[in-house]
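A short worksheet on the structure shown next.
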Amino acid sequence: MPEHDTIYILAIESSCDDTSAAVLMNDKVLSNVVATQAIHKEYGGVVPELASRAHQQNIVPVVHQAIAKANIDKKQLSAIAFTRGPGLMGSLLVGTSFAKSLSLGLQIPLIEVNHMKAHILAHFIDDETMQAPSFPFLALTISGGHTQIVQVNDFFDMKIIGQTLDDAVGEAFDKSAKILGLPYPGGPLIDKYAATGDSHKFEFTIPNVKDLDFSFSGLKTNILYFIQRKTKENPDFIKNNLEDICASIQYTIITILMKKLKKAVKQTGIKEIAIGGGVSANSGIRKVLTEAQTKYGWKTYIPKFEYCTDNAAMIGIVGYQKYKDEQFSQQDVTAKARYVIS
Ligand code: KG4
Ligand code: ZN
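For the sequence shown, full-length UniProt numbering begins at 1 and goes up steadily by one.
This is the structure in structure tokens:
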């Protein structure tokens with residue numbers, strides 16, 4: 001490991017609509033500041049141009065706040081880790097350019113991080129409420145942009161063994177919510193209403209997709225036609241049945257995810273399962289995975305809430321691992337909107 005024993009990593013995340021900065025001391029999080037961009041609510045989804053402008057406004061105060069909260073001086077920083085991709089190009093460019101300039105200014109190494117890898121390795125943050133999975137494990141990464149099952153053999157040895165062929169699971173939540181007239185992002189609202197609903201009240205189709213892959217676009221159409229038909233019969237249908245509709249949608253999505261996870265366990269023989277990504281904040285998924293420990297003999301790992309949705313602490317933990325392994329980036333590194341895990 002180069003130079004000092006105590007490593008301070010400043011991490012920056014700007015891949016979508018959250019501007020975040022964190023400071024880690026080795027694998028411990030000293031601060032993790034997230035500025036969520038409220039502007040997108042007005043448009044029912046993330047507007048890329050507005051996202052990059054908001055990142056530009058937020059990045060300096062967010063980084064200042066992360067360093068202040070960590071109670072360190074920026075001269076103590078060992079390296080700067082940043083999200084290189086995948087994500088929205090304009091958003092990624094803000095974090096990438098900022099990280100590159102600060103690394104030049106402070107004369108410290110720069111470390112590029114794959115956002116999806118970070119969702120997986122967030123489990124290795126040293127936190128009393130979390131336990132790290134043992135290698136090899138299966139990671140189910142479920143976010144607004146991705147749905148993947150990844151076989152994780154080591155920190156730097158991962159293989160995607162299943163993924164969505166169309167919409168991501170977060171999109172399935174958000175688009176279903178939009179059909180129900182709920183504001184963006186609707187995933188957390190479906191979760192909230194589902195808590196008091198009957199998950200077997202309405203039935204939606206479970207798609208038949210090959211191997212370990214997923215598909216969610218059919219479900220969205222299924223829900224749309226169902227709602228159109230029902231509201232024609234009764235204009236108050238959504239209002240009168242919101243909890244049951246949400247519970248039934250959530251149940252269907254969880255069933256689709258679990259079907260493939262069970263298949264992946266059977267295929268690989270790996271029973272260590274870790275979830276990651278914004279949708280792993282979903283209480284239904286958390287419950288089903290907790291129950292899977294006794295039901296199927298799996299060992300399941302669910303990250304702390306704040307490390308599920310986009311945050312810089314997860315970028316920092318990958319930064320720390322890469323720092324120890326001396327995997328540094330050069331100043332000519334560029335943002336990468338499509339960036340596949342390997
Ligand atoms: O990982 P993330 O913060 O951003 C991306 O990289 O996409 O994931 C955001 C996604 C959104 O689709 C949001 O609706 C969903 O995660 N989400 C949830 C919940 N919390 C966030 N979906 C269902 N239930 C939740 N509690
Ligand atoms: Zn994410």
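Idealized CB from N, CA, C, for every residue including glycine.
DSSP bridge partner residues for residue i (one or two, in chain order)
i	result
lysine 299	Glu272
tyrosine 8	Met25
lysine 159	Gln151
alanine 139	Val150 and Ala274
glutamate 13	Ser20
phenylalanine 98	Answer is none; phenylalanine 98 lacks a bridge partner.
valine 34	Ser20
serine 91	None; serine 91 has no bridge partner.
serine 329	Leu110
For residue i, the three-state DSSP class (helix, strand or coil)
i	result
phenylalanine 82	strand
threonine 196	coil
valine 209	coil
alanine 122	helix
glutamate 112	strand
threonine 164	strand
threonine 334	coil
serine 103	helix
serine 248	helix
serine 52	helix
phenylalanine 202	coil
phenylalanine 214	strand
aspartate 127	coil
Short Cβ contact (8 Å threshold) for residue i with residue j
i	j	result
isoleucine 142	glycine 284	no
threonine 129	lysine 287	no
lysine 192	glycine 186	no
alanine 247	serine 199	yes
isoleucine 238	glycine 181	yes
isoleucine 59	valine 94	yes
alanine 313	phenylalanine 137	no
tyrosine 301	glutamine 131	yes
alanine 335	glycine 85	yes
valine 62	alanine 99	no
alanine 66	serine 31	yes
tryptophan 298	valine 265	yes
methionine 116	glutamine 148	yes
lysine 220	serine 176	yes
phenylalanine 204	aspartate 244	no
isoleucine 190	glutamine 250	yes
alanine 172	isoleucine 253	yes
glycine 269	tyrosine 184	no
Cβ shell of residue i (< 7 Å), same chain only, five flanking positions each side left out
i	result
lysine 263	Leu212
isoleucine 39	Leu50 and Ala54
tyrosine 320	Ile7, Ile9, Leu24, Asn26 and Asp27
asparagine 153	Phe135 and Pro136
threonine 231	Phe237 and Ile238
Nonlocal neighbours in the same chain, by C-beta distance under 6 Å from residue i, ignoring five residues either side
i	result
isoleucine 315	Ala11, Glu13, Ala81, Thr83, Val113 and Ala118
proline 48	Leu88 and Gly90
proline 207	Ser215 and Gly218
8 Å Cβ shell around residue i - same chain, five flanking residues per side excluded
i	result
phenylalanine 328	Ala79, Pro109, Leu110, Ile111 and Lys322
threonine 36	Asp17 and Asp18
alanine 337	Gly85, Pro86, Gly87, Leu88, Met89 and Leu92
Residue i Cβ short of 7 Å to the ligand FAD heavy atom set
i	result
proline 185	With respect to the ligand FAD, the structure shown offers nothing to examine, as its ligands consist of the ligand KG4 and the ligand ZN.
Practice prompt. Mind listing which residues have their beta carbon within less than 5 Å of any non-hydrogen atom of the ligand ZN? Chain order is fine.
Written response: Chain-ordered list of matching residues: Ser143 and Asp310.
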